[in-house]
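> Dropping the structure in here first, questions after.
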Amino acid sequence: MRLGRVFSVIAVCFFVSACSWFGGDEKRLPDIPEQQLYDEAITALEQQEYETAVEKLQMLEARYPFGRYSEQAQLELIFAYHKNFEPEAARAAADRFIRLHPSHENIDYAYYLKGLTAFEQDQSMFQRFLPIDIDQRDPGAARSSFESFSTLINRYPDSSYAPDAQKRMLFLKNRLASYEVHVANYYMKRGAYIAAANRGRYVVENLKETPATPDALAVMYQAYELLGEQQLAQSARDVLLANYPNYPLKSYKVKNTSLLETATFGLFGSESEADDPPRPTTEDKQGLEKPENEAQKEQETKRPWYHKATFGIFE
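What follows is the structure, encoded as structure tokens:
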């Protein structure tokens, strides 16, 4: 029994000493004063070494969560994430700062950085160098940016960041309105007229005075007209022509296609009705008889659709 206890003590000593043998002590980071960590982080930001700044600020927040630089480090970390092209981390850090410090004197800066990060995320590198239609892209980041800037302007109208946020909101407003009209036109092509009218009405009610407003009114007029809502269609048309008298308003018509025409990609099932034969101009017998090629064409038009589908195998 005593021998077993001796072996147990020896085993414990062996495992404890093994940590130092395999470099366990080398992983311990040296203690760095708070002031030194903060100064190094600020220096990295000034030298545009944003990855190093992120590491220093994260270390500062982890080691000194209640230190004198903790709040400022959290604010600087948002900027470091933003400059280091980490938009998700930047927005998460901004939300965390807003939640922990709702009455901070620089909270308007957190809202501004959150909106700016989403704004630049929407303006992708591909859009800057390639001819990409922005109206067809998901406006999730643009909508998030608009909401952050709107909160900043509504809560802190005297902020020094409010003028720039207002200018960016004007661009985002036009961007969101154009996207809504693009979706409305897609719904019109699919025959979803109620959804198209709702999209157009959203632009008219919430995104006024944008270049897409006349297009939204036109979609409302066309959708209501096809739905049989003549009063609503006339109202949308009157508002459109009263504010945009030179707008080229056109009637939107959808071609009704049969199931056979859809399945064959327009090859079959789209025959048009045959025109009436021309009246003879003379009493001559030759004028009353149909030429051979016209008689053959008339016979072909009378053949059923399955004759074309089977290439003449079945009559």
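Position one of the sequence shown corresponds to residue 1 (UniProt numbering), numbered consecutively onward.
Note that CB positions come from ideal geometry on N, CA and C, so glycine has one too.
Skipping 5 residues on each side, what residues in its chain have a beta carbon closer than 6 Å to that of residue 100?
Cβ neighbours of residue 100 beyond the five flanking positions: none.
> Grab me the residues of residue 173's own chain with a C-beta within less than 8 Å of its C-beta, minus the 5 sequence neighbours each way, in chain order.
The residues are 146, 207, 210.
> Using only alpha-carbon positions, find the residue among 226, 230, 218, 228 that is nearest to residue 242.
Residue 218 is the option with its Cα nearest to residue 242.
> Measure how close the beta-carbons of residue 188 and residue 231 come, nearest whole angstrom, since I'm counting them as under 8 Å.
Between residue 231 and residue 188 the Cβ distance is about 20 Å, and since that is not below 8 Å, they are no contact.
> How many angstroms separate the CA atom of residue 215 from the CA atom of residue 181?
Rounded to whole angstroms, residue 215 to residue 181 spans 7 Å at the Cα level.
> Using only alpha-carbon positions, find the residue among 237, 107, 66 that is nearest to residue 159.
The candidate whose alpha carbon is nearest that of residue 159 is 107.
> Are residue 184 and residue 196 close, meaning C-beta to C-beta below 9 Å?
Yes, the Cβ-Cβ distance between residue 184 and residue 196 is below 9 Å.
> On the CB-based measure, 16 or more other CB atoms within 10 Å of its CB, does residue 66 come out buried or exposed?
Exposed, because fewer than 16 other Cβ atoms sit within 10 Å of the Cβ of residue 66.
> Would you give the residue range spanned by the alpha helix (DSSP H) that residue 42 belongs to?
Per DSSP, residue 42 belongs to the alpha helix (DSSP H) from 34 to 46.
> Answer yes or no: do residue 61 and residue 73 have a C-beta to C-beta separation smaller than 9 Å?
Cβ distance < 9 Å, so residue 61 and residue 73 count as in contact.
> According to DSSP, is residue 207 part of a helix, a strand, or is it coil?
In this structure, residue 207 counts as coil in the three-state DSSP scheme.
> Identify, in the order they occur along the chain, each residue of the same chain with its Cβ nearer than 7 Å to the Cβ of residue 153, setting aside the five sequence neighbours on each side.
Cβ neighbours of residue 153 beyond the five flanking positions: 162, 165, 166.
> With 16 as the cutoff for other CB atoms within 10 Å, does residue 371 come out buried or exposed?
In the structure displayed, the chain extends from 1 to 315; residue 371 sits before or after that span and is not available.
> Can you give me the C-alpha to C-alpha distance between residue 156 and residue 109, rounded to a whole angstrom?
Their Cα atoms are separated by approximately 10 Å.
> Kindly list the residues whose CB is nearer than 7 Å to the CB of residue 233, restricted to its own chain and excluding five residues on each side of it in sequence; keep chain order.
If we look at residue 233 and ignore the five residues flanking it on each side, its Cβ neighbours are 221, 224, 225.
> Give every residue of the same chain whose Cβ lies closer than 8 Å to the Cβ of residue 139, excluding the five residues on either side of it in the sequence, and list them in chain order.
Correct list, in chain order: 122, 175, 176, 179.
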